[in-house]
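Asker: My structure is below; once you've seen it, I'll send some questions.
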Amino acid sequence: MQCVTHLFNLLASVSGLFWKKASVVKDVENIGKGRMLFPILFVLLCSSTYGQDGVVHERSFVHDDSLRSYLLYVPDAYNGQTDWPLVINYHGYNVDANFQMNYTGMNATADTAHFLVAYPQGLLVNNPFNGTKGPGWNLLGGTLSENDDVDFSLELINHVKADYMVDPARTHVTGWSMGAGMAYELACAHPAQIASLAAVDEQMDDGLLGSCSPGRAMSFLQIHGTADPLVPFNGAAAGGVSFSPAPLTASFYAGLNSCMDSTEIEIEDSIAGDSSTVTLTKYTSCNDDTEILFYRINNGGHTWPGSTPIPGLEFLGHTNQDINANSEIWNFFKRNPHPDYVANGVVHERSFMQDDSLRSYLLYVPDAYDGQADWP
435 MQCVTHLFNL LASVSGLFWK KASVVKDVEN IGKGRMLFPI LFVLLCSSTY
485 GQDGVVHERS FVHDDSLRSY LLYVPDAYNG QTDWPLVINY HGYNVDANFQ
535 MNYTGMNATA DTAHFLVAYP QGLLVNNPFN GTKGPGWNLL GGTLSENDDV
585 DFSLELINHV KADYMVDPAR THVTGWSMGA GMAYELACAH PAQIASLAAV
635 DEQMDDGLLG SCSPGRAMSF LQIHGTADPL VPFNGAAAGG VSFSPAPLTA
685 SFYAGLNSCM DSTEIEIEDS IAGDSSTVTL TKYTSCNDDT EILFYRINNG
735 GHTWPGSTPI PGLEFLGHTN QDINANSEIW NFFKRNPHPD YVANGVVHER
785 SFMQDDSLRS YLLYVPDAYD GQADWP
């Protein structure tokens, strides 16, 4: 289908729509394989109209002989005394980290919920449909560039952890459009590092859908509009790239987690003027207390729910306002830490499959448990 080619064709002009003055600190790191890196003066484009009390740090490090960068938003409430969750939020094709930060507005949620947000910056990747290049991620089996974006993401996590206190059980990934594809790639390849995953406006490509094998149950949230003009809800194929219908990605994770049941819920149409509604499919009775949520945005476009529509880009379609993607994603992340990390002083509901039956138990971990010695 011809419309799938738009996946890699978001206009570059959108990345210049939101720049306003903000508090930004630049951190250029001389690291990587013992090389010294001469100071680099960045042209400051970054800004945020959200979370004005916090600070946006423009950070970088050398990875595979290239200078890689990301934005890190640190809310004002962070004092370095306790571990905070980290959310990685990937941008789409032909836009950048600045755009993703301002368009999604996730910094405002971070201010009130108390988590760090990293916005990685992609390098140039090939557009397989028209031969052009734009900032993005090396997806589709690593065929779009020479960049190892999965390993870059792992180094980014370590780079943040070197200077900030990050909860080891609460590193989460999300992304919009092609950025959702990057979130899939990282979560599939390194489930030990990623607690849970949320994807907006892109399902798994069929190649990854057939190869993703994280080896554990993983909580997953998906949002997709039925009238998405760029990444069709019902799937598409062109130029050797194919996407199955969006609900099959949620079904894949439901199968991975051995979920036993599902419920469909109609979300209240509280904002009638947004020309869209929301249907939530909730998979339940899943292994390790995981959950799968699929938000179908009826008549929704290639947009981030709850965001401000972008002037001049009406072709992206309707932006639903009945839900706020940031709130839904954060509340989901908050409920779903990494199952292999156990919080102290808490009763944990745990479950697993045995003989085709879901078996469960409660596990209490005393506050004194530190994981450094064997306990009865």
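The sequence shown begins at 435 in my numbering and counts up one residue at a time.
Even for Gly, the Cβ is constructed at its ideal location relative to N, Cα and C.
Using 8 Å as the threshold, is the segment 751-761 in touch with the segment 670-689, meaning 3 or more CB pairs across them?
Answerer: Contact fails: fewer than three Cβ-Cβ distances are below 8 Å.
Asker: Buried or exposed for residue 655, please, with buried defined as at least 16 other CB atoms from any protein chain shown within 10 angstroms of its CB.
Answerer: Within the sequence shown, numbered from 1, the residue matching residue 655 stands at position 221. Under this definition residue 655 is a buried residue.
Asker: How big is the Cα-Cα spacing for residue 781 and residue 745?
Answerer: Counting from 1 along the sequence shown, the entry for residue 781 is found at position 347. Counting from 1 along the sequence shown, the entry for residue 745 is found at position 311. Near 49 Å, if we compare the C-alpha coordinates of residue 745 and residue 781.
Asker: Given a threshold of 16 other Cβ atoms within 10 Å of its Cβ, counted over all protein chains shown, does residue 753 qualify as buried or as exposed?
Answerer: Locating residue 753 in the sequence shown gives position 319, where the first residue counts as 1. Buried.
Asker: What do you get for residue 509, buried or exposed, if any count of 16 or more other CB atoms within 10 angstroms of its CB means buried?
Answerer: Here residue 509 corresponds to residue number 75 of the sequence shown, with the count starting at 1. Buried is the call here.
Asker: Just tell me which of 595, 624, 553, 564 has its CA closest to the CA of residue 608.
Answerer: Walking along the sequence shown from the start, residue 608 turns up at place 174. The candidate whose alpha carbon is nearest that of residue 608 is 553.
Asker: Please state the DSSP three-state secondary structure of residue 729.
Answerer: By 1-based counting over the sequence shown, the position of residue 729 is 295. The answer is strand: DSSP assigns residue 729 an E or B state.
Asker: Does the beta-carbon of residue 495 have 16 or more other beta-carbons within 10 angstroms, so that it is buried, or is it exposed?
Answerer: Within the sequence shown, the letter at position 61 stands for residue 495. Counting Cβ neighbours within 10 Å, residue 495 comes out buried, since at least 16 surround it.
Asker: Cα separation between residue 739 and residue 775?
Answerer: The count along the sequence shown starts at 1 and reaches residue 739 at position 305. The count along the sequence shown starts at 1 and reaches residue 775 at position 341. About 31 Å.
Asker: Could you tell me how far apart the beta carbons of residue 735 and residue 663 are, in whole angstroms, since I believe they sit closer than 8 Å?
Answerer: Along the sequence shown, one-based indexing puts residue 735 at 301. Along the sequence shown, one-based indexing puts residue 663 at 229. 6 Å between Cβ atoms; contact.
Asker: In three-state terms, what does DSSP make of residue 680?
Answerer: Indexing the sequence shown from 1 puts residue 680 at position 246. It is coil, neither helix nor strand.
Asker: For chain D, find out if any of its Cβ atoms is closer than 8 Å to the Cβ of residue 737; answer yes or no.
Answerer: Structure shown: chain D not included; a single protein chain is present.
Asker: Can you name, in chain order, every residue of its own chain whose Cβ lies under 6 Å from the Cβ of residue 695, other than the five neighbours on each side?
Answerer: The residue you call residue 695 lines up with position 261 of the sequence shown. Only 718, 719 meet the Cβ criterion.
Asker: What span of residues does the alpha helix (DSSP H) with residue 560 cover, start to end?
Answerer: Within the sequence shown, numbered from 1, the residue matching residue 560 stands at position 126. Residue 560 -> not in any alpha helix (DSSP H); beta strand (DSSP E) instead, spanning 557-560.
Asker: Should the segment 539-546 be called in touch with the segment 565-578, which here means at least 3 C-beta pairs below 8 Å?
Answerer: No, the segment 539-546 does not touch the segment 565-578.
Asker: Need the endpoints of the beta strand (DSSP E) that residue 717 sits in, please.
Answerer: Stepping through the sequence shown from its first residue, residue 717 is reached at position 283. Here the beta strand (DSSP E) through residue 717 covers 711-718.
Asker: In the DSSP assignment, the beta strand (DSSP E) including residue 516 goes from what residue to what residue?
Answerer: By 1-based counting over the sequence shown, the position of residue 516 is 82. Element bounds for residue 516: n/a, residue is neither H nor E.
Asker: Helix, strand or coil for residue 664 per DSSP?
Answerer: As a first step, residue 664 is located in the sequence shown; it is residue number 230 there, counting from the start. Three-state DSSP puts residue 664 in coil, outside helix and strand.
Asker: Tell me which residues share the same chain as residue 660 and place their Cβ nearer than 7 Å to its Cβ, disregarding the 5 neighbours each side in the sequence.
Answerer: Start at 1 with the first residue of the sequence shown, and residue 660 comes out as number 226. Excluding positions up to five away in sequence, the list reads 667, 730, 731, 732, 733, 734.
Asker: With distance defined between alpha-carbon atoms, name the residue in 491, 610, 615, 559 nearest to residue 537.
Answerer: The sequence position of residue 537 within the sequence shown is 103, counting from 1. Checked all of 491, 610, 615, 559; the closest Cα to residue 537 is 610.
Asker: For residue 709, I'd like the list of residues in its chain whose CB is within less than 7 Å of its CB, leaving aside the five on either flank, ordered along the chain.
Answerer: Here residue 709 corresponds to residue number 275 of the sequence shown, with the count starting at 1. Excluding positions up to five away in sequence, the list reads 733, 752.
Asker: Please confirm whether residue 727 and residue 678 have their CB atoms less than 8 Å apart.
Answerer: For the purposes of this step, residue 727 is taken as the residue at position 293 of the sequence shown. For the purposes of this step, residue 678 is taken as the residue at position 244 of the sequence shown. No, the Cβ-Cβ distance between residue 727 and residue 678 is not below 8 Å.
Asker: Please name the residue or residues paired with residue 627 in a DSSP beta bridge.
Answerer: Position 193 of the sequence shown, counted from the first residue, corresponds to residue 627. Beta-bridge pairing links residue 627 to no other residue.
Asker: Is residue 585 helix, strand or coil when you go by DSSP?
Answerer: Locating residue 585 in the sequence shown gives position 151, where the first residue counts as 1. Of the three classes helix, strand and coil, the one that applies to residue 585 here is helix, per DSSP.
Asker: Less than 8 Å separating the beta-carbons of residue 421 and residue 767?
Answerer: Look at the range of the chain in this structure, 435 to 810, and you will see that residue 421 is not part of it.
Asker: Could you check where the beta strand (DSSP E) with residue 659 kicks off and where it finishes?
Answerer: Residue 659 sits at position 225 when you count from the first residue of the sequence shown. Per DSSP, residue 659 belongs to the beta strand (DSSP E) from 653-659.
Asker: Taking the alpha helix (DSSP H) that residue 543 falls in, what are its first and last residues?
Answerer: Sequence index remark: in the sequence shown, residue 543 carries index 109 (1-based). Segment 540-547, the alpha helix (DSSP H) holding residue 543.
Asker: In three-state terms, what does DSSP make of residue 529?
Answerer: Working through the sequence shown from its first residue, we reach residue 529 at position 95. Reduced to three states, the DSSP call for residue 529 is coil.
Asker: According to DSSP, which residues form a beta bridge with residue 579?
Answerer: Locating residue 579 in the sequence shown gives position 145, counting from the first residue. Residue 579 pairs with nothing; no bridge assigned.
Asker: So, with DSSP's three-state summary, where would you put residue 706?
Answerer: Here residue 706 refers to the residue found at position 272 when the sequence shown is read from its first residue. Residue state, collapsed to three classes: helix.
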